[in-house]
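Comments concern the structure below.
2 protein chains.
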Amino acid sequence: MDKQIEIFKALSDATRLKIVWLLTNIDEKICVSEIVEVLEEHQYNVSRHLKILKNVKLVQEVKEGKWVFYYLTPIENEFRQLIQDAIKTIPESQMHNEIKKCKVLLGKREN
Amino acid sequence: MDKQIEIFKALSDATRLKIVWLLTNIDEKICVSEIVEVLEEHQYNVSRHLKILKNVKLVQEVKEGKWVFYYLTPIENEFRQLIQDAIKTIPESQMHNEIKKCKVLLGKREN
DNA sequence: ACGACATATGTGTTTTGGCGCATATGTTTT
DNA sequence: AAAACATATGCGCCAAAACACATATGTCGT
Chain A
1 MDKQIEIFKA LSDATRLKIV WLLTNIDEKI CVSEIVEVLE EHQYNVSRHL KILKNVKLVQ
61 EVKEGKWVFY YLTPIENEFR QLIQDAIKTI PESQMHNEIK KCKVLLGKRE N
Chain B
1 MDKQIEIFKA LSDATRLKIV WLLTNIDEKI CVSEIVEVLE EHQYNVSRHL KILKNVKLVQ
61 EVKEGKWVFY YLTPIENEFR QLIQDAIKTI PESQMHNEIK KCKVLLGKRE N
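Line order of the protein sequences matches chains A and B.
Going by the working numbering, 13 is the number at position 13 of the first sequence; the sequence numbering is gapless.
Going by the working numbering, 33 is the number at position 33 of the second sequence; the sequence numbering is gapless.
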């Protein structure tokens with residue numbers, strides 16, 4: 001059950017849970033600097049938290065030029081699916097500012 | 001999302017996850033000394049971990065004489081339900097010794 | 001009432017985890 | 001090539017969490 005413990009541990013930090021929550025709700029790849037802006041956390045902390053999430057395979061990364069985009073690792077087992085479903089139940093109301101900021105950001109991308 | 005973080009934190013420790021896993025799989029109340037025997041942990045640590053699980057309302061207790069029996073808090077929301085379902089997917093194979101010991105123990109109770 | 005049993009908790013120690021700062025690495029732009 | 005930008009990471013510090021030991025509290029049996 002070590003794998004599962006690592007997942008729970010990864011999700012037991014506010015910044016990391018917010019990142020996974022965001023990725024779950026926007027259903028898009030997002031780069032580090034965007035997360036930094038949305039969550040108003042230091043870049044070095046966001047990078048660190050992303051590394052932790054990557055290590056437990058909750059997220060994956062893809063480099064595009066100077067950016068690194070992160071996205072949810074596609075579901076590969078039932079445990080992950082249920083955890084993901086659980087995160088999906090966390091209401092948007094608690095993340096009003098973040099989701100709004102994020103949508104503005106994603107909109108700007110097109111230009 | 002604080003409540004959810006607290007749940008994840010509570011489940012991100014091996015002893016605590018094992019306790020919840022046991023309660024999920026045996027579907028019975030179980031007392032502290034039985035958990036101590038099954039998990040081979042110190043009594044004072046088991047008591048402490050139970051307190052943490054109780055604080056986040058994952059488990060509840062009922063006193064019966066000199067024993068205190070613990071059991072899963074009845075599901076009250078979707079998040080809890082999905083987390084519980086996720087824990088249910090953790091295979092018994094990783095807990096062979098524990099579940100065996102537990103069943104022997106529960107058997108002895110009848111006598 | 002006393003000893004045995006079951007559980008909880010106070011205290012000190014050690015381990016773990018997150019943070020801030022500085023800096024390294026790599027990429028794009030001019 | 002140099003400057004600007006994007007991301008990652010080494011290091012030291014502090015706080016939270018887990019542990020061990022001792023002990024307190026409460027209950028049962030005799």
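The beta-carbon is built from N, C-alpha and C at its ideal position, and this holds for glycine as well.
CA-to-CA distance, residue j to residue i, given in whole angstroms
i, j, result
"K103/A", "E40/A", "15 angstroms"
"Y76/B", "K3/B", "For the sequence presented, residue 76/B should be read as Glu rather than Tyr. Those two C-alpha atoms are separated by around 13 angstroms."
"N25/B", "T15/B", "15 angstroms"
"Y10/B", "L106/A", "Rather than Tyr, the amino acid found at residue 10/B in this sequence is Ala. Distance between the alpha carbons of A10/B and L106/A is about 34 angstroms."
"Y44/A", "D85/B", "35 angstroms"
"S12/A", "V20/A", "11 angstroms"
"Q81/B", "E28/A", "27 angstroms"
"Q94/A", "K100/A", "12 angstroms"
"V56/B", "E6/B", "7 angstroms"
"I87/B", "I90/A", "18 angstroms"
"P74/A", "G65/B", "50 angstroms"
"R48/B", "Y70/B", "13 angstroms"
"E92/B", "M1/B", "31 angstroms"
"E61/B", "E61/A", "44 angstroms"
"I30/A", "L72/A", "10 angstroms"
"K54/B", "K63/B", "14 angstroms"
Cβ neighbour criterion (16 or more within 10 Å) applied to residue i
i, result
"H96/A", "exposed"
"V46/B", "buried"
"V59/B", "buried"
"N111/A", "Any reading at N111/A must be qualified, since the residue scores a pLDDT of 47, below 50, and its modelled position is unreliable; no value is offered."
Contacts around residue i, its chain only, beta-carbon distance under 8 angstroms, and the 5 residues preceding and following it disregarded
i, result
"E98/B", "K18, L22, V38, L39"
"S33/A", "Q43, W67"
"L50/A", "I19, V32, I35, V59, E61, Y70"
Same chain only: Cβ atoms within 7 angstroms of residue i, ignoring 5 sequence neighbours per side
i, result
"I52/B", "A10, R16"
"T36/A", "For clarity, residue 36/A is Val in the given sequence; the question names Thr instead. Counting only Cβ-Cβ distances below 7 angstroms, and skipping sequence neighbours, we find Q43, V46."
"F79/A", "Q4"
"I83/A", "I7"
Heavy atom of the ligand GTP within 8 angstroms of residue i beta-carbon
i, result
"K66/A", "For the ligand GTP, the structure offers nothing, since it holds no ligand at all."
Proximal residues to residue i (C-beta, below 6 angstroms), its chain only, five neighbours per side dropped
i, result
"K108/A", "none"
For the region 30-57 of chain A, which residues have a beta carbon sitting closer than 7 angstroms to at least one beta carbon of chain B? Taking 7 angstroms as the Cβ-Cβ cut-off against chain B, none of the residues of the region 30-57 of chain A qualify.
Determine which residues of the region 81-103 of chain A have a Cβ less than 7 angstroms from any Cβ of chain B, and write them out in chain order. The residues in question are L82, I83, D85, A86, T89, I90, Q94.
Could you name the residues of the region 13-26 of chain B whose beta carbon sits closer than 8 angstroms to any beta carbon of chain A, in the order they occur along the chain? Listed in sequence order: D13, A14, L17, K18, W21.
Positions along the region 59-81 of chain B whose CB lies within less than 9 angstroms of some CB in chain A: N77, E78, F79, R80, Q81
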